[in-house]
Amino acid sequence: MKPRSRHPRTVGLLLPTALVLLAACSNAPASDQRSRDAGADDHGAITGAAEVAEPQLHLVSVDETGATSMLDLLTDEATDLDAVRPAESVTSDGRYVFSADETGVDVVDSGVWTWDHTDHFHYYRAQPSTVGRIAGRGTATVSTGMLSTAGSTGVFFPGSGEAVLLDNAALSRGRAKETFRLDVGPHEGLVAPLGDGAVVSEPGGRLRVVDAQGEQIGGTECIAASGTITTRVGLVVGCADGAELLTLDGDEPVIERIPYPDGAAAPATSFSARKGRPTVAGLGDGSGIWLLDTRERSWQWIQTDTPVVAASAVDDADTHVVALGEDGTVQVYDGTSGEQLSSTDSVLASTLADPDLAPGVTLTVDAQRAYVNAAADGVVHEIDYADGARVARSLRTPTRPVHVAETGR
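FYI, in mature numbering (1 follows the signal peptide of the UniProt record, and there is no 0) the residues of the sequence shown are -30 to -1, 1 to 379.
Quick look at the structure:
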């Protein structure tokens, strides 16, 4: 694929401001868990990619027809990408965009990524490309890891019951290589990367830990497994009565149950956070937000003022948590006290009211901003969550943002 760059332009800014970007190095604490696929000398570089001084943040937008494009958040340059099949869902690890429909997953490489070196970061930029398609039955659930050039990505097809593990090193070189494909039986399941292998759900309410050959090396009970996220501590999998935190001691899986408190609200079925951060937000029935601290192995419940449809933990010094209310407001909470700090006016009401657009609404957070796609208005709102939930910019993307992913993270 040869991307077609449009001339740099000023995108539609309804409320313009300067975009503040993360500096090249970070004082983040050392990682509790490193990818076993990335050695100390591996900084995420690949042939043909340029290392740059700051994160190359982009928005990849996909419209209802599958037309796909990128918007550079630093330069406002728009780039048309190859179309994908019309998507039911879109997932990203901060580099690749996984666009799923009922028959498979199209993989797009945005060509921008961050490599987490535990105490600092490296930033890269290359040409975007189309990697390929992973075939399967049923709209896939995609689970990603910490690094885009090492480790793996899990793709689970509920219709066929196939758990597919993709090799990220191959993806970074333009190949969709399957490490394994396991038939575990149709169900609403998951496969999430762990070391060289993965964790796979089974129809009977168990998790199976497998190695790179797909051979079982461990397991545990997990009723109604739903929702995964990888933090610097380990892999989180949501269960009906709590979460499983999975790590490796050498080649041996270590599985820790983090139960919900007595009298807990509905369990979390999805998790979201600033990439890699130890504290993550969990969302269940929308009546509030679960915060899971994977370092402390503890839960905290935040009762929200209005029902919420998405939430993500920034896990910064001020413990910001960002949520999207079903009324279309973007709300900011103090993750320590649970207090609501600020809220926007309703900026997504028309999108959430449209049954064709509401399923594609995505909330992502990075070190400075949050992004939510208002497809009914053709924009993505950039929210400064640390400044009173100020709408910093409303970005008119080259293609209607029915689905959107922030890459370069």
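Think of the CB as a built atom: it goes at the ideal place given N, C-alpha and C, for glycine as much as any other residue.
{"query": "Specify the secondary structure class of T188 as computed by DSSP and reduced to three states.", "result": "Residue identity check: residue 188 is Gly in the sequence provided, not Thr. Residue state, collapsed to three classes: strand."}
{"query": "Using only the alpha-carbon positions, how far apart do T109 and L164 sit?", "result": "22 angstroms"}
{"query": "When you compare each of T17, E34, L43 and A162 to L365 by their alpha carbons, which one comes out closest?", "result": "L43"}
{"query": "Quick one: grab the DSSP three-state call for L44.", "result": "coil"}
{"query": "Determine the closest residue to V161 out of L218, D297 and T200, with distance taken between C-alpha atoms.", "result": "T200"}
{"query": "To which residues does DSSP link Y230 through a beta bridge?", "result": "Y230 is not bridged to any residue."}
{"query": "Beta carbon of A340, beta carbon of Y355: below 8 angstroms?", "result": "yes"}
{"query": "Just tell me which of D76, T274 and R103 has its CA closest to the CA of G295.", "result": "T274"}
{"query": "Should A23 go down as buried or exposed, given a rule of 16 or more other Cβ atoms within 10 Å for buried?", "result": "exposed"}
{"query": "Within 10 angstroms of the Cβ of E309, are there 16 or more other Cβ atoms? Answer buried if so, exposed if not.", "result": "exposed"}
{"query": "According to DSSP, simplified to helix, strand and coil, what is D324?", "result": "coil"}
{"query": "According to the Cβ coordinates, are V30 and S80 closer than 8 angstroms?", "result": "yes"}
{"query": "Since T264 contacts L215 with CB under 8 angstroms, what's their CB separation in whole angstroms?", "result": "6 angstroms"}
{"query": "Pick out whichever of E185, R360 and K245 has its Cα sitting closest to the Cα of V335.", "result": "K245"}
{"query": "Just list the residues that DSSP pairs A281 with in beta bridges.", "result": "A293"}
{"query": "For A243, does the three-state DSSP call read helix, strand or coil?", "result": "strand"}
{"query": "Quick test of your reading: V154 and G167, contact by CB under 8 angstroms. State the CB separation rounded to the nearest angstrom.", "result": "Rounded, the Cβ-Cβ distance is 14 angstroms, inconsistent with contact."}
{"query": "For a quick check, are the C-beta atoms of A195 and V206 less than 8 angstroms apart?", "result": "no"}
{"query": "Considering just the uninterrupted stretch of the alpha helix (DSSP H) at A19, what are its terminal residues?", "result": "Where A19 is concerned, there is no enclosing alpha helix (DSSP H), given that its DSSP letter is neither H nor E."}
{"query": "Who does N138 pair with in a DSSP beta bridge?", "result": "DSSP output for N138 lists no bridge partner at all."}
{"query": "How many Å lie between T276 and D315 at the Cα?", "result": "13 angstroms"}
{"query": "To which residues of the same chain is Q186 closer than 8 angstroms at the C-beta, ignoring the five residues directly before and after it?", "result": "R178, V179 and V180"}
{"query": "What are the partner residues of D354, as DSSP defines its beta bridges?", "result": "R360"}
{"query": "In whole angstroms, what is the alpha-carbon distance linking G208 and T239?", "result": "6 angstroms"}
{"query": "Give a yes or no on contact between the segment 58 to 65 and the segment 116 to 125, applying the rule of three or more CB pairs nearer than 8 angstroms.", "result": "yes"}
{"query": "Within 10 Å of its beta-carbon, does V278 have 16 or more other beta-carbons around it, so buried, or fewer, so exposed?", "result": "buried"}
{"query": "For the beta strand (DSSP E) that G74 lies in, which residues bound it at each end?", "result": "G74 to D79"}
{"query": "What are the boundary residues of the beta strand (DSSP E) that includes Q310?", "result": "Q310 to S313"}
{"query": "Kindly indicate which residue of E58, A37, T45 and A57 has the alpha-carbon position closest to the one of L51.", "result": "A37"}
{"query": "With respect to 7 angstroms, is the separation between the Cβ of L117 and the closest non-hydrogen atom of the ligand FAD below this value?", "result": "This structure does not include the ligand FAD; it has no bound ligands of any sort."}
{"query": "On the DSSP letters alone, give me the boundaries of the beta strand (DSSP E) that A168 sits inside.", "result": "G167 to E172"}
{"query": "Quick one: is Q338 buried, meaning 16 or more other Cβ sit within 10 Å of its Cβ, or exposed?", "result": "buried"}
{"query": "Provide the residue(s) that pair with L262 in DSSP beta bridges, ordered along the chain.", "result": "V250 and W269"}
{"query": "Is the separation between the beta-carbon of S282 and that of A243 shorter than 8 angstroms?", "result": "yes"}
{"query": "Under the three-state reduction of DSSP, which class applies to G212: helix, strand or coil?", "result": "strand"}
{"query": "When you compare the CB positions of L318 and V302, do they come within less than 8 angstroms of one another, or not?", "result": "no"}
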